[in-house]
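*Asks:* The structure follows.
Chains as they are written, first to last, in our numbering: chain A, 1 to 169; chain B, 170 to 338; chain C, 339 to 507; chain D, 508 to 676.
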């Protein structure tokens, strides 16, 4: 299953691949100063290739859109219109994306959701649209793509395999 | 915030307080042979009093109902009509209920979702309704109510406080 | 990083690749009647190749071994000697393994931890060793390997890509 | 079970109630400008009263101390001495604290772990001690205490009960 449908849905909701790649670059720059935005975009695409990520995006985006069209039952409709900060279901749902490249994406996810940088801030400040889930989903994808890059860092891999060679258990 | 609305919604979807209490009783019987169904029902009500549990129920039940009314966008509508076993969003969402009385509810949740006992099996075998989320939500509530009872077990509390008294760190 | 060290550690604690493969086979048989134990073993090896899984195993096994050698501080030593059912840290830790192939491993994990089939039961009934973490870790590995097989099921892949082709959003 | 033992253990590792209360105050100030440090400290104590939080603290602190005393088996000892950023088990373990007052503590946890404010930064910069788990545990406790305060915000409660009164499903 390709990532085309997920990309189309994100685009329809105002989020481009470039938007997410920029967040990943900002997150990973301190640890890797030769990293390019192209590599970040490639990592986002790899995350979007995961079926579970796609399913999570479909569900969260559907809920935002249904809320905009006032099709949700009470009191869910009211809760989403007010972007109730204690809702929590958006963060829980995003967990389905965050963990895709391990739990170390967790801290990046929380940081992004609080700092609301780049497109995440724009989504959050939008007057006429409902983005209760989308900001968390984008933060989740960016956090997972960022964790994926961290996991591929060659220096760490070498350090760890050296440890293993030294082992004589 | 009371649990009345959550109870009404569950009832509308064919799930009574008694249905869930029976599952809790079955789960906890091996560990506590004086436990009554009334105590189990009380524990379910306490779980349903938690705002985060209510929000999770509203969201999952709304998705089931919207799928029945064919109001979900493609491909989410098709995925839910087929109750795609790899969907995974239902399990992720239920995490928002399961953890309410600690992570020990996690194993009961998984067990229930696999054994599909009582009302969970009925929901799952229903021909004309869509219960993609509801069976996981009910399993989550029963698991949390069961964990709540386990946490209140006096013997454990005493054993642990005896440990603490013995401590001289 | 290979899975050799993880396999050695499991073996030292009495758990073989075959033990885990058998559990995976039992779990997946109802959904896939041509599945062999060799394929299950291969899936377990793939799970054990994940760095986060290895790190989780190292940590949990170290805690069990330190408890056997009575090197843990009070009250952790007492809690682990009694295999306190409300401890919960073992289930939380296993989450770091379970999610590796998505949240659908969650229900298998809970089921295994409750049914305690095969080697999991043997670990649990062992008189002289402490296996507070190991039974959850083995259940986590088996659940993840089982989820990995489910995700690779070709029929599901085709069904989903047919859905995508039909899409004209 | 009281929180005294947990407080003693934190103190032994250089973390006071006041240190954590200050972080909570910084986190919650933007949403509640009449909040006092005393109220934050009270919230931290409530979090530390939860048995699952105490068990998680005992386990994580024990691992840090055993690493300092070089008692952990290879390669866990080496991983913890290098505070390997891809370890991930520390974040997973902290989940057992974070969720205590709902998933909304998740974003605060991630934010704290990344910003490393107050005592979290001091722990992280410490030359001679090993705090692989402790910084995540403190971030988890502060995030949970912060979520607890958010959940008690009266304005939100009123808004929500008004919603419920208006309901006529």
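Every residue, glycine too, gets a C-beta built ideally from N, C-alpha and C.
If you measure from the beta carbon of residue 108 of chain A to each beta carbon in chain D, is any gap under 8 Å?
*Replies:* yes
*Asks:* Which residue from D:610, D:554 and D:598 puts its Cα closest to that of residue 220 of chain B?
*Replies:* Just measuring C-alpha positions, the residue of D:610, D:554 and D:598 sitting nearest residue 220 of chain B is D:610.
*Asks:* Taking residue 233 of chain B and residue 302 of chain B to be in contact with their CB atoms under 8 Å, please state how far apart those CB atoms are, rounded to whole angstroms.
*Replies:* 5 Å
*Asks:* Is there a C-beta anywhere in chain B that falls below 8 Å from the one on residue 68 of chain A?
*Replies:* no
*Asks:* Taking Cβ-Cβ distances shorter than 9 Å, what residues in chain B pair up with residue 581 of chain D?
*Replies:* What residue 581 of chain D touches in chain B: nothing, since even the nearest Cβ is about 29 Å away.
*Asks:* I'd like to know if residue 286 of chain B contacts chain D, where contact means its C-beta is closer than 8 Å to some C-beta of that chain.
*Replies:* no
*Asks:* Compare the C-beta of residue 234 of chain B with all C-beta atoms of chain D and state if any pair is closer than 8 Å.
*Replies:* no
*Asks:* Here's a check: name, in chain order, each residue in its chain whose Cβ is nearer than 6 Å to the Cβ of residue 344 of chain C, leaving out the five neighbours to either side.
*Replies:* Result list for residue 344 of chain C: 386, 392 and 395, in chain order.
*Asks:* Taking Cβ-Cβ distances below 8 Å as the criterion, which residues of the region 380 to 391 of chain C are in contact with chain D?
*Replies:* Near chain D, meaning a CB-to-CB distance below 8 Å, the residues of the region 380 to 391 of chain C are 389 and 390.
*Asks:* So for residue 276 of chain B, helix, strand or coil by DSSP?
*Replies:* helix
*Asks:* Just checking my contact of residue 600 of chain D with residue 436 of chain C at CB under 8 Å: how many whole Å lie between their CB atoms?
*Replies:* Their Cβ separation, rounded to whole angstroms, is 14 Å, which puts residue 600 of chain D and residue 436 of chain C out of contact at 8 Å.
*Asks:* Assess contact between the region 25 to 40 of chain A and the region 183 to 202 of chain B, defined as three or more Cβ pairs (one per stretch) separated by less than 8 Å. Is contact present?
*Replies:* no
*Asks:* At what residue ranges does the region 34 to 73 of chain A contain a whole run of the beta strand (DSSP E), taking only runs of 3 or more?
*Replies:* none
*Asks:* Can you list the residues of chain B that residue 130 of chain A reaches, using a CB-CB cut of under 8 Å?
*Replies:* Here the premise fails: no neighbours, minimum Cβ distance about 14 Å.
*Asks:* What's the call for residue 540 of chain D, buried or exposed, on a 16-neighbour Cβ count within 10 Å?
*Replies:* exposed
*Asks:* Shorter than 8 Å from the beta carbon of residue 257 of chain B to some beta carbon of chain D?
*Replies:* no
*Asks:* For residue 596 of chain D, which of helix, strand or coil comes out of DSSP?
*Replies:* In this structure, residue 596 of chain D counts as helix in the three-state DSSP scheme.
*Asks:* Could you name the residues of chain E that residue 274 of chain B contacts, counting a contact when the two beta carbons are closer than 7 Å?
*Replies:* The displayed structure is made up of protein chains A, B, C and D, and chain E is not among them.
*Asks:* Less than 8 Å between the beta carbons of residue 352 of chain B and residue 314 of chain B, yes or no?
*Replies:* What the structure shows of chain B is the stretch from 170 to 338, and residue 352 of chain B is not part of that stretch, so it cannot be assessed.
*Asks:* Can you tell me whether residue 407 of chain C is buried or exposed, with buried defined as 16 or more other CB within 10 angstroms of its CB?
*Replies:* exposed
*Asks:* Apart from the five residues on each side of it in sequence, which residues of its chain come closer than 8 Å, Cβ to Cβ, to residue 487 of chain C?
*Replies:* 362, 366, 370, 373, 377, 378 and 381
*Asks:* At the level of alpha carbons, what is the spacing between residue 580 of chain D and residue 347 of chain C?
*Replies:* 11 Å
*Asks:* Output the boundary residues of the alpha helix (DSSP H) element that contains residue 519 of chain D.
*Replies:* 511 to 519 is the span of the alpha helix (DSSP H), which, as asked, contains residue 519 of chain D.
*Asks:* Report the neighbours of residue 603 of chain D on chain B: residues whose CB is nearer than 7 Å to its CB, in chain order.
*Replies:* The answer, in chain order, is 272.
*Asks:* For residue 357 of chain C, decide whether its Cβ has a neighbour in chain A, counting only Cβ atoms nearer than 8 Å.
*Replies:* No, no contact with chain A.
*Asks:* Compute the Euclidean distance between the alpha carbons of residue 139 of chain A and residue 465 of chain C, then round it to the nearest angstrom.
*Replies:* 47 Å
*Asks:* Under the rule that 16 or more other beta-carbon atoms within 10 Å means buried, what is residue 342 of chain C, buried or exposed?
*Replies:* Exposure of residue 342 of chain C is indicated by the presence of fewer than 16 other C-beta atoms within 10 angstroms of its C-beta.
*Asks:* Consider the Cβ of residue 99 of chain A: report whether some Cβ of chain C lies at a distance smaller than 8 Å.
*Replies:* Yes, residue 99 of chain A lies at the interface with chain C (some Cβ there is under 8 Å from its Cβ).
*Asks:* Within the continuous alpha helix (DSSP H) that includes residue 417 of chain C, where are the two ends?
*Replies:* 414 to 419
*Asks:* With 16 as the cutoff for other CB atoms within 10 Å, does residue 75 of chain A come out buried or exposed?
*Replies:* buried
*Asks:* Alpha carbon to alpha carbon, how far is residue 256 of chain B from residue 121 of chain A?
*Replies:* 29 Å
*Asks:* Indicate whether at least one CB of chain C lies closer than 8 Å to the CB of residue 282 of chain B.
*Replies:* Taking Cβ atoms only, chain C reaches closer than 8 Å to residue 282 of chain B, which makes this a yes.
*Asks:* Is it right to say residue 354 of chain C is buried, meaning 16 or more other beta carbons lie within 10 angstroms of its own, or is it exposed?
*Replies:* exposed
*Asks:* Of all Cβ atoms in chain A, is any one closer than 8 Å to the Cβ of residue 488 of chain C?
*Replies:* no
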